[in-house]
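Taking our numbering, the leading residue of the sequence shown gets 30, the next gets one more, and so forth. Quick reminder that beta carbons are idealized off the backbone N, C-alpha and C, glycines included. This one's a predicted model, so the numbers in the text were calculated from it and none came from an experiment. Just below is one structure, and these are the notes that go with it.
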Amino acid sequence: MINRYGKSYLPVMKYKKGFLEENDILLKENDRVSKIYSLQPKRTQCKICGEKISSLCKKFIHHDIKYFICGKCGHVNGEFLETNDFSEEVYSESDYGLAYREAGKEEYNARVRDIYIPKAEFLFDCLKQGNDEDISALKFLDVGAGSGYFVNALNFLGGGVIAKGIEVSRSQVDYGNAMSENKIITQCDQGNIENIIVESDADVISFIGVLEHIINLHNVLQSINRNPNIRYIYFSVPLMSYSVVFEAMEEDVYNRLLGGSGAHTHLFSDDSIKYLCDMYDWSIVGQWKFGTDMADMLRMVMVKLGQKGQEELSLLFEENFKKIMDELQLVIDKNGLPSEIHVVAEKRR
Ligand SMILES: [Zn+2]
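So this is what it looks like as structure tokens:
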């Protein structure tokens, strides 16, 4: 099994500047999403293992929402259910893709190179190390492909069109296809995703930052097991992490990881990922942990100092902290609670 830790934050820092500069705008959007979420019915069972959520669970409050830590699988469950109404209201009004869209082809390709090529490399490493797979002979389907960054990374590294994607958002599909050599992404409706997965001829299916947004998660995962063509599953999910703890400290600093405009209403843990994989009879062939806890902390300190008119001190801190940020994060990735994990799993039979 491949265990990988850490990834330098500096090359991607320029893509995340908005989190600092637009703190107040993002917070306002968070309030809107939070209000919709708190109107949903209460959650009674753990999203992953189905264990009853009770007052006996460990719990915490984060930006006015209560979260329960499942006593059986360690999954962090928000107090309320995600519903179709919730996701419709959240995604239709906020242009979720906007933050990720870039102006021109050069910027698009830079994002593929800096953010998505390393993910494709990790996936290929896992496929080669385990069963010595011939990458060019495999087909890939990326679910929730957004603007197709990851699909393009797979095709670039794979040396041909080996990957395709499906995406709900029409505007992201149009933008992604306009930026790509081929029509690599197809628009699909939410209700059709399970059928597409069941009928896919792909060997490898991927969900980059997607599983946590799926309302009927178990139906979608079951559809993977109903398709014998699919042998590998690659997913990245947000984790219960130090970033979440930092976010809980200050209500007036944008919470990127839990709640809010990211619409994360639940978070994974090492144990809930393991539980999920066992439940579907998948074995984990590779894991890569690289959080942004230190980058989030840097941003939070800078926002708070900015609010106090301490811009010079804020810049001094940034300049110095950036030099040690990757090293500190690596300690967290290896031994602590980082904010993100990438997992490659293989069906056992
Ligand atoms: Zn559970």
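When DSSP states are grouped into helix, strand and coil, tyrosine 34 belongs to the strand group. Approximately 6 Å separates the beta-carbon atoms of glycine 177 and glycine 194; this is inside 8 Å, confirming the contact.
Environment of ligand 1, chain-ordered: Cys75, Ile77, Cys78, Glu80, Cys99, Lys101, Cys102 and His104, taking every residue with Cβ within less than 5 Å of a heavy atom. At the C-beta level, glycine 107 and cysteine 86 stay beyond 7 Å of one another. Secondary structure note for aspartate 325: its alpha helix (DSSP H) is the uninterrupted segment 322-336. As DSSP reads the structure, glutamine 201 sits in no beta bridge.
DSSP, reduced to helix, strand and coil, places proline 267 within a strand of the structure shown. Secondary structure remark: continuous alpha helix (DSSP H) runs of at least 4 residues inside the region 50-93, in chain order: 52-66. Annotation for glutamine 216: no alpha helix (DSSP H) segment contains it, though the beta strand (DSSP E) segment containing it runs 214-216. In this structure, the CA atom of arginine 140 is about 34 Å from the CA atom of aspartate 93.
Between aspartate 322 and serine 270, the C-beta gap is smaller than 7 Å, which places the two residues in contact. One thing to note: glutamine 69 has its Cβ within 7 Å of the Cβ of phenylalanine 115. Following the DSSP letters along the chain, one finds serine 252 inside the alpha helix (DSSP H) bounded by residues 246-255.
With a cutoff of 7 Å on beta-carbon distance, valine 266 and valine 314 are scored as not near each other. Check the Cα spacing between glutamate 280 and each of Ile31, Leu344, Met329 and Ser298: the tightest is with Met329. Annotation for lysine 157: the continuous alpha helix (DSSP H) segment containing it runs 146-160. Taking the Cα of valine 197 as reference, the smallest distance to any Cα among Val190, Gly175 and Met308 is reached at Gly175. If you look at asparagine 284, you'll find it isn't in any alpha helix (DSSP H); DSSP assigns it neither H nor E. Inter-segment contact for the region 252-267 and the region 227-236 is present: three or more beta-carbon pairs are separated by less than 8 Å.
In chain order, Phe319, Leu359 and Asp362 place their CB closer than 6 Å to the CB of glycine 35, counting only its own chain and leaving out the 5 sequence neighbours on each side. With contacts defined as CB atoms closer than 7 Å, cysteine 102 and tyrosine 304 qualify as a contacting pair.
The alpha-carbon of lysine 157 is positioned some 10 Å away from that of phenylalanine 151. A distance below 8 Å between beta-carbons, with the five flanking residues on each side excluded, links proline 40 to the following residues of its chain, in chain order: Asp143. In the three-state reduction of the DSSP assignment, glycine 289 falls in the helix class. Here aspartate 163 is exposed. Its C-beta has fewer than 16 other C-beta atoms within 10 Å. Shown here for proline 147: same chain residues with a beta carbon closer than 8 Å to its own, the five before and five after excluded, namely Lys36 in chain order. Glutamine 316 is classed as buried because its beta carbon has at least 16 other beta carbons within 10 Å across all chains shown. Around the Cβ of serine 165, a 10 Å sphere holds fewer than 16 other Cβ atoms; the residue is exposed. Of the residues assessed, glutamate 276 falls on the buried side of the cut-off, its CB having 16 or more other CB atoms within 10 angstroms. Counting along the chain, glutamate 341 sits inside the alpha helix (DSSP H) bounded by residues 340-364.
DSSP places isoleucine 195 in the uninterrupted beta strand (DSSP E) bounded by 192-196. Residues Leu268, Ser270, Lys318, Phe319, Gly320, Asp322 and Ile361 of the same chain have their beta carbon placed closer than 7 Å to that of proline 367, with the five preceding and five following residues left out of the count. Per the C-alpha coordinates, the member of Leu327, Asn52 and Glu136 positioned closest to aspartate 355 is Leu327. Counted as a single uninterrupted DSSP element, the beta strand (DSSP E) harbouring glycine 315 occupies residues 311-318.
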